[in-house]
Every structure is written in structure tokens, then in C-alpha cells.
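Okay, so here's the structure we're looking at.
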Ligand SMILES: Cc1cc2nc3c(=O)[nH]c(=O)nc-3n(C[C@H](O)[C@H](O)[C@H](O)COP(=O)(O)O)c2cc1C
């Protein structure tokens, strides 16, 4: 059975290209389940992500009483691109969307948690952001490409997430 990777996609400029990570991960035999934040809808191509992953892409909680979509348990969680907003919510236990709901429970999964941020220099200089990243790092969350903007959108280092998973 392939290991299961949850990919959380946030609303930042590299999001339209997130299918690259899905394809790379599938080449390494990961079964990828993509969850987008609500803001990611304006950036990401959910159809391409669904085609690349072979699974529906979810961006909201199911309604009370609605049947489970049946996502298998995760063997790893990657947040890419990660926004300042989602990082802040995760570090502060805010679970107002499916994506942050998953992140809010993620420490109980006992699996690798990897973040590839894409934040502006001004955002990265925000003391609250720096504190939130530090807190997540102290909790064992991996930031393999640093905490700011790892180069240009087109060069977003998707492969670093898989390298961090070993
Ligand atoms: C064109 C555009 C580009 C943006 N780029 C970034 C970015 O690079 N990093 C970031 O943290 N937020 C960026 N934002 C702001 C986020 O989309 C916004 O904070 C949103 O609430 C994030 O929601 P999410 O974390 O749920 O995806 C951008 C917004 C727009 C409209």
C-alpha cells in the first residue's frame, strides 16, 4: 500500500503549480490527497490537482450529517505554498477551515510535518510570524527552505518537501 501524503495548498502565488508536487510525490509512490484553503480557490487549479492526484480536492468541512469523503490517515503532511495566515492559524490552534482543522489535529498523527512558506519579505519581518514559525519548529515542524520566499514563483522548490520526508 502506498503511503498517504496530505498536501495543504494555501492562497499564494505558487499555488497554480502545486500539481508539480503531486506528480513528483506520486513518482515516489505517495498517494496524495490535496486540501486547499478557501483562499487557494483563487490561485490553485483544483481540476489539475484532482487529475494529478486521482482524488477529489477538498476545501471545506463536510456538512454535519454528510457522509465522510473517506480520506485515509496521513503518513506525512506538507503545507505548500504556506501563507503567513495559515502558519499563524496553525501555530495558534485556529481550526476554522478544513485545512486548518487538519493541521490542528496533525500533531496527533505522529508523522512528519513539512512547510514550504511563500511569504513576502515584509510578512517575514513580522514579529508575530517569526514567533509562530519558531513555535512550530519547536514542535518539530520542518521548514526545509527557510521561512521567507524561497526564490521566484516559477522556481518554487516543491521537491524540497519530498527531500525533507527522506
Ligand atoms: C495576489 C495575491 C498574492 C498573495 N500572496 C501571498 C503570499 O505570497 N504569501 C502570503 O502569505 N499571503 C499572500 N496573499 C494573501 C493571502 O492570500 C491571504 O492572507 C489569505 O487570507 C490566505 O488564506 P489561507 O492562508 O487560508 O490560504 C496574497 C493575496 C493575493 C490576493
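In this note's numbering, the protein residues as written are 1032 to 1197. Even for Gly, the Cβ is constructed at its ideal location relative to N, Cα and C.
Please check the pair residue i and residue j, which I expect to be a contact at CB under 8 Å, by giving their CB distance rounded to whole angstroms.
i            : j            : result
residue 1175 : residue 1194 : 7 Å
residue 1130 : residue 1068 : 5 Å
Count the other CB atoms within 10 Å of the CB of residue i; is the residue buried (16 or more) or exposed (fewer)?
i            : result
residue 1041 : buried
residue 1119 : buried
residue 1101 : exposed
residue 1159 : exposed
residue 1110 : buried
residue 1045 : buried
residue 1098 : exposed
residue 1043 : buried
CB residue i to CB residue j, shorter than 8 Å?
i            : j            : result
residue 1147 : residue 1188 : yes
residue 1036 : residue 1049 : no
residue 1089 : residue 1108 : no
residue 1163 : residue 1113 : no
residue 1092 : residue 1132 : yes
residue 1095 : residue 1074 : no
For the alpha helix (DSSP H) containing residue i, name the first residue and the last one.
i            : result
residue 1133 : 1129-1136
residue 989  : Limits of the chain in this structure are 1032 at one end and 1197 at the other, which puts residue 989 out of reach.
residue 1121 : 1115-1122
residue 1158 : 1158-1169
What is the rounded straight-line gap between the Cα of residue i and the Cα of residue j?
i            : j            : result
residue 1155 : residue 1115 : 8 Å
residue 1087 : residue 1179 : 30 Å
residue 1061 : residue 1105 : 10 Å
residue 1053 : residue 1077 : 12 Å
residue 1196 : residue 1064 : 16 Å
residue 1021 : residue 1058 : The chain is shown only over 1032 to 1197; residue 1021 falls outside these bounds and no answer can be derived.
residue 1151 : residue 1125 : 22 Å
residue 1165 : residue 1173 : 11 Å
residue 1071 : residue 1117 : 11 Å
The beta strand (DSSP E) spanning residue i covers which residue range?
i            : result
residue 1037 : 1034-1040
residue 1050 : Unbroken run through residue 1050 is the alpha helix (DSSP H), 1050-1058; no beta strand (DSSP E).
residue 1062 : 1061-1067
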